[in-house]
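Numbering (this note's numbering), first residue to last: 2 to 292. Just so it is clear, CB atoms sit at the ideal spot from N, CA and C, and this is done for glycine as well. Just so it is clear, the structure is predicted and the values come from calculations on it, not from any experiment. Accompanying notes for the structure given below.
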């Protein structure tokens, strides 16, 4: 997994980048850039790598990424009938610190940006209100666009329930690329083979490790065992199918590698907190809301 430097190009009349995108699948390379980044997936789930953190991301999970922090969002969907919908906002250090370094009222924003060095995920947010606000940034122009960005950052800086993504010792400038290569190989393998049984031996060989070493390595990087990760990956894939296809839940159970419907239902509820049928009903209700 080669780390690439990304250059963000703003329009001539804009001081920062903000765009809502609807594309077949997340396909951005492992990369970093100078700007801070707000990433908000509206529709679409998958795997998120930020620094040395690797975990699943769900819809309406907003993250703030610091300058030069390597990251990657990935899902395995390559079916043109399925799309992901997300908003990305990138703003430079020089732009935002013009305000936060000189205005005492923005001290909370300054503190939040410092914490974003390791990546921040905002938990327990009012996704409906926040999404409307972020969409307005993309749709606005002139000074109002910048004012809305500052307003959103101020709102986020007041959220207490946040969590770092990368570990405390991760250095964006010298991240361990060899270990991230191993992670990427494992992710690719799981995404291509999750519909069948995957054993520890083949994962260990893929990472060029003994089974015991691989288990320790994987748990350190993800906070989960390999089998927990695969199980949750299958449920993540099932959620995408529920949202983006007309397949029955029993067909989705089969297509995501579960051997029995009862096992699928039990695991789905354990991971998502609701049954697959309840998840589908909830999405259909939300989909009828006009933003």
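In its own chain, which residues sit with a C-beta less than 6 angstroms from the C-beta of residue i, not counting the 5 before and 5 after it?
i: residue 252; result: none
i: residue 23; result: 84 and 86
i: residue 167; result: 51, 52, 53, 54, 119 and 120
i: residue 72; result: 51 and 66
i: residue 6; result: none
i: residue 238; result: 257
i: residue 205; result: 212 and 215
i: residue 190; result: 207
i: residue 165; result: 119
i: residue 125; result: 162
i: residue 259; result: 265
i: residue 90; result: 19 and 39
Between the options, which lies nearest to residue i when the distance is taken from Cα to Cα?
i: residue 58; options: 257, 36, 149 and 87; result: 87
i: residue 163; options: 187, 207, 117 and 135; result: 117
i: residue 55; options: 262, 218, 239 and 275; result: 218
i: residue 11; options: 114, 148, 51 and 139; result: 139
i: residue 150; options: 70, 101, 45 and 60; result: 101
i: residue 183; options: 15, 31 and 7; result: 31
i: residue 146; options: 96, 265 and 15; result: 15
i: residue 228; options: 188, 210, 247 and 262; result: 188
i: residue 294; options: 143, 114, 144 and 156; result: Absent from the structure is residue 294, since the part of the chain shown begins at 2 and ends at 292.
i: residue 171; options: 94, 69 and 27; result: 69
i: residue 1; options: 9, 38, 49 and 60; result: Outside the displayed span of the chain (2 to 292) sits residue 1, for which this structure offers no information.
i: residue 185; options: 141, 8 and 49; result: 49
i: residue 113; options: 130, 94, 128 and 129; result: 94
i: residue 115; options: 246, 226, 262 and 158; result: 158
Just to check my reading of the structure: residue i and residue j have Cβ atoms closer than 8 angstroms, yes? What is that Cβ distance to the nearest angstrom?
i: residue 25; j: residue 84; result: 6 angstroms
i: residue 92; j: residue 36; result: 6 angstroms
i: residue 223; j: residue 230; result: 6 angstroms
i: residue 123; j: residue 160; result: 5 angstroms
i: residue 201; j: residue 212; result: 5 angstroms
i: residue 294; j: residue 39; result: Residue 294 falls outside the range modelled here, since the chain spans only 2 to 292, and no answer is possible.
Using a Cβ-Cβ cutoff of less than 8 angstroms, which residues in the same chain neighbour residue i once the five nearest sequence positions on both sides are dropped?
i: residue 236; result: 257, 268, 269, 272 and 273
i: residue 243; result: 250, 253, 277, 280, 281 and 284
i: residue 232; result: 268 and 272
i: residue 96; result: 16 and 17
i: residue 152; result: 134
i: residue 81; result: Interpretation of residue 81 is limited by its pLDDT of 46, a score under 50 that renders its predicted location unreliable; the figure taken from the coordinates is listed afterwards. The answer, listed in chain order, is 25.
i: residue 169; result: 119
i: residue 226; result: 216, 219 and 220
i: residue 248; result: 242 and 256
Spatial neighbours of residue i within its chain, please: C-beta separation below 7 angstroms, excluding the five flanking residues on both sides.
i: residue 27; result: 45, 47, 74, 75, 76 and 85
i: residue 62; result: 42 and 122
i: residue 128; result: 61
i: residue 142; result: none
*Three or more beta-carbon pairs under 8 angstroms between the segment 193-205 and the segment 12-24, yes or no?*
no
*Counting only runs that start and end within the segment 187-262, where is the alpha helix (DSSP H) found for 4 or more residues in a row?*
201-207, 212-223, 227-245 and 250-256
_Any beta strand (DSSP E) of 3 or more consecutive residues that is wholly inside the segment 21-98_ = 37-44, 47-51, 54-58, 64-66, 72-75 and 85-92
_Which complete beta strand (DSSP E) runs does the segment 92-134 hold, if anything under 3 residues is left out?_
121-123
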